[in-house]
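Sequence positions in the sequence shown follow our numbering and run 326 to 858.
Note that CB positions come from ideal geometry on N, CA and C, so glycine has one too.
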Amino acid sequence: MTESPRPFDMVIVGAGFAGMYMLHRARGMGLDALVIEAGTGVGGTWFWNRYPGARCDVESMEYSYSFDDDLQQEWEWSERYAGQPEILRYAEHVADRFDLRSGIRFDTRVTAAHWDEGAGRWTVRADAGDAVSAQHLVMATGCLSAAMTPAIPGAERFAGDTFHTGRWPHEGVDLTGRRVGVIGTGSSGIQSIPVIAEEASELVVFQRTPAYTVPARNGPLDPAEAEAIKADYGKLRAADRLMPTAFGSRVPRRDEGALQADDDDRLAEYEARWDRGGFTFLGSFNDLLLDPAANETAAEFVRGKIRGVVQDPEVAERLAPSQVIGCKRLCIDTGYYETFNRPHVSLVDLRETPIEGITPTGIGTTAGHHDLDAIVFATGFDAMTGALARIDIRGRDGVALRDAWAAGPHTYLGLGVSGFPNLFTITGPGSPSVLTNMIVSIEHHVDWISDCVAHLRAHGHRTIEATFDAQEEWVDFVNSVAGLTLFPTCNSWYLGANVPGKTRVFMPLPGFPTYAETCAQVAADGYRGFALG
Ligand code: N01
326 MTESPRPFDM
336 VIVGAGFAGM
346 YMLHRARGMG
356 LDALVIEAGT
366 GVGGTWFWNR
376 YPGARCDVES
386 MEYSYSFDDD
396 LQQEWEWSER
406 YAGQPEILRY
416 AEHVADRFDL
426 RSGIRFDTRV
436 TAAHWDEGAG
446 RWTVRADAGD
456 AVSAQHLVMA
466 TGCLSAAMTP
476 AIPGAERFAG
486 DTFHTGRWPH
496 EGVDLTGRRV
506 GVIGTGSSGI
516 QSIPVIAEEA
526 SELVVFQRTP
536 AYTVPARNGP
546 LDPAEAEAIK
556 ADYGKLRAAD
566 RLMPTAFGSR
576 VPRRDEGALQ
586 ADDDDRLAEY
596 EARWDRGGFT
606 FLGSFNDLLL
616 DPAANETAAE
626 FVRGKIRGVV
636 QDPEVAERLA
646 PSQVIGCKRL
656 CIDTGYYETF
666 NRPHVSLVDL
676 RETPIEGITP
686 TGIGTTAGHH
696 DLDAIVFATG
706 FDAMTGALAR
716 IDIRGRDGVA
726 LRDAWAAGPH
736 TYLGLGVSGF
746 PNLFTITGPG
756 SPSVLTNMIV
766 SIEHHVDWIS
776 DCVAHLRAHG
786 HRTIEATFDA
796 QEEWVDFVNS
806 VAGLTLFPTC
816 NSWYLGANVP
826 GKTRVFMPLP
836 GFPTYAETCA
846 QVAADGYRGF
856 ALG
C-alpha cells in the first residue's frame, strides 16, 4: 500500500522574499507550513542572480521588509543601492533570525501540483523527496525566475564557456584576460557590462534593442540619512505605499505635465533628477507614461546625455533608443555609457547585423565573426508566468494552468485563479507586482493571504476560489488601465514579447495604492468575487 502524502496546512513554493515571509506569517497563525525551494539557500532572485554588478535598483532603505520593527532597526545597509551579496546576506539573516530554515526543504524543485477534488487538497510533487499534500498552496515562485536563453543555432558547439546572468555560478567566474561576448542590454546586461569590461581583454556587446538607463549615483549610505529614516521608519513605509510604484516617496512625482513646464524649467527638472540618479527620473512629470509628446521630451533628454558621454557618434546613435522611455523597464547603471569609450569594448547592433549563429569559436553575425572565449546571456526571463508554467499545475477537472492561460494569464487580483481552489499567487499577473518595489507588493500579498486564510478558518470554510465572472472582469479592468498608458507600445517582457510564441498581454497592473485599497475592500466585503466553500 502506498503511503498517503504528508499533509500540511500550507505548502509554499519558493524561499525568496515572498516565500520566507509567507512561512513566517503562516507559522504565526499556527499553520503547519512547508516551503519547497529549488535552490540550496534562501533569497530567490538574490540567490540566483550573482552576475558581476548585480545590485538592487530600489534604494536599500526602501528595499527591505517592514513587518518587524526590530529587524528594520537592527539591519544596517552599507550602500545607497545594495549589491547582490549584501541583499543575500540580509535574506540569510532574516532566515536565521526567524528560524525559517527549519521549515524549508531545499534543493527540491516542485514539478507538479494537482488539485484533489475529493480531498479538497493539493498534492504537490517534486524532483526529490516524497509528495506532500496541502490545504492551501502558495506560489512564491517569483516573477523573474524562469531564465530565458534564446535558441541560437550552433550554441551547443561553442567551445568556450556560456553563462546566463540569472543562473550565475556560485563560485564566481574569472573573466580576466578573456574575450567575452554579452548578448542582451536590459537591466542585467547594463549592470554587468561595465564590471565585465574591467576584467575582460575584449568585450563585445550584442544589442538588439537599446535601453534607456539613468545613473544610479550609488555610494556609501549616509549614516545620518539612515538614522533619520529609522527614527520614524513607519512614516517612510507609509508614504511609499501611497506611491504608484510603492517606493520613491522622498522624491515625489511632480504633479504637472511635461509640456506644461517651459523649456528651461523642464530641462532643469530632468537635470536635477539625472544628477540625483535612479528611478525618480520617471517621476519628473505626471504624464511621462501617458502622453507620447511628454514622453519624447524625457527620451530626447536621455539621448542627449548618451551623445554627450559616448565619444564615437556612430556608437552613440546605436545606443540611443527610439521607443517610449519607461515602456520597457527603465535601467539604472553605474558607468554604462562610459564603458563604450573604452578601446577594448565594442557594440554590435543586431538590428543592422543580426546573429547568424554561434560557432565553436564565437558568434557570427551578417557582418562577420567575433572570436570569443565566453558568452554571457543577459537575455532575461519568461516573466510573471514562466515559473508557474514550468510546473504541472492542475486544478478542477484536471485543467492545466498553462492551458487555462494559453491566451494570457487570467487571475482575480493577481491572487487567485478561477478553477484553481486554494491556490494563491504572490505578486501574480494582474497585480502591480513588477511595476513596484517588490518587497512592498510581497508583504501586501502575504498579509492579504494570511488574513484570508484566517478568515476561512474562523468561519469554517475549507476552500476559496475566484469566480469566473470576477476574474474576467478583473482581466478587462487590468487591460483597460494598461491601455490608458504607453506601456503596450513596445516589445517588453511586461507583455511577454521577449518569449517566442507567448501571447502578448500586459501582465502587471499599474498603480499600487488603488490596487491595495481594492484588495482591502474585497476582504471587507467578505471576499467579494471569491466563492467560499
Ligand atoms: O532581462 P531583459 P534582464 N537575441 O528582458 C535581449 C529585473 N532586474 O535580465 O529588448 C538578442 O530586460 C533583449 O533584447 P530586446 C528588472 O525588472 C532587476 O536584463 O528583447 N538579444 C534585452 O536587451 C528587469 O527589467 C534588477 O530586443 C536578445 C535583453 O536580452 C528584469 O529583471 C537587475 C535575445 C534582456 O533584457 C529583466 O532584466 C536586473 C535574442 N534572441 C534585472 N533575447 C535590479 O536591480 C533577448 N535579448 C532590481
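Residue i beta carbon near the ligand N01 (any heavy atom closer than 7 Å)
i      : result
Lys827 : no
Trp371 : no
Asn823 : yes
Pro833 : no
Ile412 : no
Cys381 : yes
Ser470 : no
Val759 : yes
Gln516 : yes
Lys630 : no
Ile683 : no
Gly491 : yes
Ala313 : It is not possible to answer for residue 313, since the shown part of the chain is limited to 326 through 858.
Ile508 : yes
Leu675 : yes
Ser512 : yes
Arg654 : yes
Thr678 : no
Thr534 : yes
Ala703 : yes
Pro475 : yes
Asn543 : no
Phe342 : no
Trp818 : yes
Phe837 : no
Phe706 : yes
Phe431 : no
Phe531 : yes
Local Cβ density within 10 Å of residue i, reported as buried at 16 or more and exposed below that
i      : result
Glu401 : exposed
Ala849 : exposed
Leu809 : exposed
His769 : buried
His495 : exposed
Phe372 : buried
Ala839 : For clarity, residue 839 is Thr in the given sequence; the question names Ala instead. The residue in question, Thr839, is exposed, as its Cβ has fewer than 16 Cβ neighbours within 10 Å.
Phe793 : exposed
Ala563 : exposed
Glu594 : buried
Arg446 : buried
Ala619 : buried
Pro668 : exposed
Met326 : Because the pLDDT of Met326 is 43, which lies under 50, any placement of that residue in the model is unreliable, and the question is left without a value.
Pro646 : buried
Lys630 : buried
Beta-carbon proximity check, residue i vs residue j, cutoff 8 Å
i      : j      : result
Phe610 : Glu639 : no
Ile789 : Leu713 : no
Gly378 : Gly341 : no
Arg721 : Gly705 : no
His418 : Val778 : no
Val649 : Cys815 : yes
Ile683 : Gly491 : no
Asn525 : Leu500 : The question names Asn, but residue 525 in the sequence shown is Ala. For Ala525 and Leu500, yes; Cβs fall inside 8 Å.
Gly868 : Leu811 : Only positions 326 to 858 of the chain appear in the structure, and residue 868 is not among them; the question remains open.
Ala465 : Gly366 : no
Gly603 : Arg533 : no
Val759 : Tyr346 : no
Glu384 : Tyr406 : yes
Arg643 : Pro535 : yes
Val634 : Val530 : no
Ile774 : Thr436 : no
Thr433 : Gly467 : no
Ala459 : Phe333 : yes
Trp799 : Leu738 : yes
Residue i Cβ short of 7 Å to the ligand GDP heavy atom set
i      : result
Thr704 : This structure lacks the ligand GDP; the ligands present are the ligand N01.
Ordered list of beta strand (DSSP E) runs contained in the segment 603-689, each at least 3 residues: Segments of the beta strand (DSSP E) lying fully in the segment 603-689: 656-658, 670-674, 680-684.
Length-filtered (4 minimum) alpha helix (DSSP H) runs lying within the segment 759-812: As far as the segment 759-812 is concerned, its whole alpha helix (DSSP H) runs of at least 4 residues are 763-783, 793-808.
Whole beta strand (DSSP E) elements within the segment 436-498, 3-residue minimum: Scanning the segment 436-498 from its first residue to its last, the whole beta strand (DSSP E) runs of 3-plus residues come out as 446-451, 457-464, 486-489.
Minimum length 4: unbroken alpha helix (DSSP H) runs contained in the segment 374-421: You should have 394-399.
Ranges of the beta strand (DSSP E) found wholly within the segment 727-752, counting only runs of at least 3: As far as the segment 727-752 is concerned, its whole beta strand (DSSP E) runs of at least 3 residues are 748-750.
Runs of alpha helix (DSSP H) wholly within the segment 534-570 (minimum 4 residues, chain order): Within the segment 534-570, complete alpha helix (DSSP H) segments of at least 4 residues are found at 548-556, 558-566, given in chain order.
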